[in-house]
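Residue numbers (the working numbering): 467 to 859.
Positions of the beta carbon are idealized from the N, C-alpha and C atoms, including for glycine.
No experiment lies behind these values; they were computed from the predicted model shown.
Worksheet: the structure to be examined is printed underneath.
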């Protein structure tokens with residue numbers, strides 16, 4: 467990719483052949499770019515097939531839920547967040563699937579419909595993947611720390627609002643610069659390097675914010691879960707506690723995978739802005755990792771569903787505190803005379819149709835339940851000891 471905008475002497479205006487001059491458009495793929503683009507396209511194909519397959523699977527289960535579930539899974543907020551993340555990954559994979567087109571053309575031509583579509587999908591796919599990962603982290607934090615869940619209608623409004631915000635970030639540039647916003651940037655079409663502020667403010671800022679925010683939130687959640695589990699006496703720990711410990715470790719894989727796969731590209735761009743030289747091969751490696759997010763997220767969904775759904779479904783504790791048994795209000799259970807209360811969550815009436823096995827906040831409630839049971843036993847023992855001491859007096 468171009469190392470700086472100052473080297474771009476030609477302006478992105480159409481030439482006699484109808485295309486922008488080099489480097490905004492390339493008639494040929496320089497060097498071994500055709501070879502290095504191939505892994506990007508192949509991984510994009512793998513992510514596209516996996517995300518489309520998972521999207522169809524989830525959609526089928528939601529539409530024909532009566533064949534598979536006793537209650538409607540569409541009220542499961544965790545499932546809806548994952549579903550939107552998969553949609554974002556799918557758009558990102560489609561963007562890099564266009565690399566097959568450039569390989570066949572032996573050049574990256576702009577302005578063309580393929581260039582505009584790729585630039586648009588790179589913008590939407592990259593930013594939306596990060597924002598949805600961050601949204602999952604925030605939702606999990608809200609369930610753990612606040613001990614409640616967003617009311618279903620408000621939650622759906624938030625989902626729509628996130629997509630509106632993502633699309634707003636995507637349309638600002640093309641509206642401001644409709645003629646030359648997306649151009650050849652070396653290995654694929656994206657935002658014109660002349661528009662540095664647009665790249666930073668509409669793209670990289672949100673990716674870096676999502677990376678940093680997700681790591682911080684999940685690190686806090688993981689430490690909080692570990693702390694709560696340690697409060698339960700080893701002899702009193704149930705099978706649910708052990709499952710929660712495994713689930714807590716698995717949750718950390720989401721931010722780790724996202725940061726590991728998405729960090730190289732923005733890191734390379736920041737290095738270029740600081741004067742460093744980065745090869746097109748490194749950009750292609752970064753793009754290969756970035757576009758593999760869909761494939762990896764599909765695997766992670768399969769793993770988290772097995773641990774967070776299948777195993778917890780067998781837990782009697784989870785059934786005792788299932789979503790179906792909760793009311794619309796926030797319920798608390800007193801632990802004793804110290805006045806400490808345990809929140810069992812808040813949700814709207816519609817969420818009562820969710821199975822206990824289909825929502826991650828049951829994890830936090832199982833931990834709270836185990837702690838409550840142990841603390842209650844301890845309080846009973848202390849009161850019994852006090853009563854015995856009074857009798858001997």
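Query                                                                                                                                                                            : Result
Going by beta carbon distance, what residues of the same chain come within less than 7 Å of residue 506, once the five residues before and after it are set aside?               : 562, 565, 750, 753, 754, 757
Which word fits residue 658, buried or exposed, when buried means at least 16 other C-beta atoms lie within 10 angstroms of its C-beta?                                          : buried
Would you call the segment 602-612 and the segment 527-535 touching, i.e. three or more CB-CB distances under 8 Å?                                                               : no
Could you check which residue in 665, 681, 492 has the C-alpha nearest to that of residue 569?                                                                                   : 492
Spatial neighbours of residue 719 within its chain, please: C-beta separation below 7 Å, excluding the five flanking residues on both sides.                                     : 766
With distances taken from CA atoms, which of 637, 539, 631 is nearest residue 582?                                                                                               : 637
Following the continuous beta strand (DSSP E) through residue 649, name the residue where it begins and the one where it ends.                                                   : 648-650
Would you mind working out which of 484, 574, 623 sits nearest residue 543, comparing C-alpha positions?                                                                         : 623
Drop a sphere of 10 angstroms on the beta-carbon of residue 697, count the other beta-carbons inside from all chains shown, and report buried for 16 or more, exposed for fewer. : exposed
In whole angstroms, what is the alpha-carbon distance linking residue 748 and residue 486?                                                                                       : 25 Å
Measuring alpha carbon to alpha carbon, tell me which of 552, 479, 495 ends up nearest residue 520.                                                                              : 552
Using DSSP with H/G/I as helix, E/B as strand and the rest coil, what is residue 564?                                                                                            : coil
Span of the alpha helix (DSSP H) holding residue 574?                                                                                                                            : Where residue 574 is concerned, there is no enclosing alpha helix (DSSP H), given that its DSSP letter is neither H nor E.
DSSP puts residue 657 in a beta bridge; with which residues?                                                                                                                     : 648
Roughly how many angstroms lie between the CA atoms of residue 620 and residue 599, to the nearest whole one?                                                                    : 19 Å
Mark residue 514 as exposed unless 16 or more other C-beta atoms lie within 10 angstroms of its C-beta, in which case mark it buried.                                            : buried
From residue 770 to residue 524, what distance separates their C-alpha atoms?                                                                                                    : 15 Å
May I have the straight-line CA-CA distance separating residue 654 from residue 630, to the nearest angstrom?                                                                    : 26 Å
Using the Cβ count rule (16 or more neighbours within 10 Å means buried), how would you classify residue 548?                                                                    : buried
What number of angstroms, rounded off, separates the C-alpha of residue 535 from the C-alpha of residue 527?                                                                     : 9 Å
When burial is assigned at 16 or more other CB atoms within 10 Å of the CB, is residue 768 buried or exposed?                                                                    : exposed
When the Cα atoms are used, what is the spatial distance from residue 737 to residue 730?                                                                                        : 10 Å
Among the residues of its own chain, which have a CB less than 7 Å from the CB of residue 554, if the five just before and after it don't count?                                 : 591, 594, 595, 598
Using 8 Å as the threshold, is the C-beta distance between residue 495 and residue 625 below it?                                                                                 : no
Note down, in chain order, each residue of its chain lying with its Cβ closer than 6 Å to the Cβ of residue 721, except the 5 sequence neighbours on either side.                : 680, 681, 684
Would DSSP call residue 491 helix, strand or coil?                                                                                                                               : coil
Where residue 739 and residue 612 are concerned, what is the direct C-alpha to C-alpha distance, given to the nearest angstrom?                                                  : 41 Å
Indicate the three-state DSSP secondary structure (helix, strand or coil) for residue 530 in the structure shown.                                                                : coil
Buried or exposed for residue 522, going by 16 or more other Cβ atoms inside 10 Å?                                                                                               : exposed
Can you have a look at residue 482 and say buried or exposed, based on whether 16 or more other CB atoms are within 10 angstroms of its CB?                                      : exposed
Three-state secondary structure (DSSP) at residue 513?                                                                                                                           : helix
Let me check understanding here. Comparing Cα to Cα, which of 576, 601, 616 lies closest to residue 541?                                                                         : 616
Between residue 543 and chain C, is there a C-beta pair that is closer than 8 Å?                                                                                                 : Among the protein chains of the structure shown there is no chain C, as only one such chain exists.
Terminal residues of the continuous alpha helix (DSSP H) containing residue 615?                                                                                                 : Segment: none, residue 615 is in no alpha helix (DSSP H) and carries neither H nor E.
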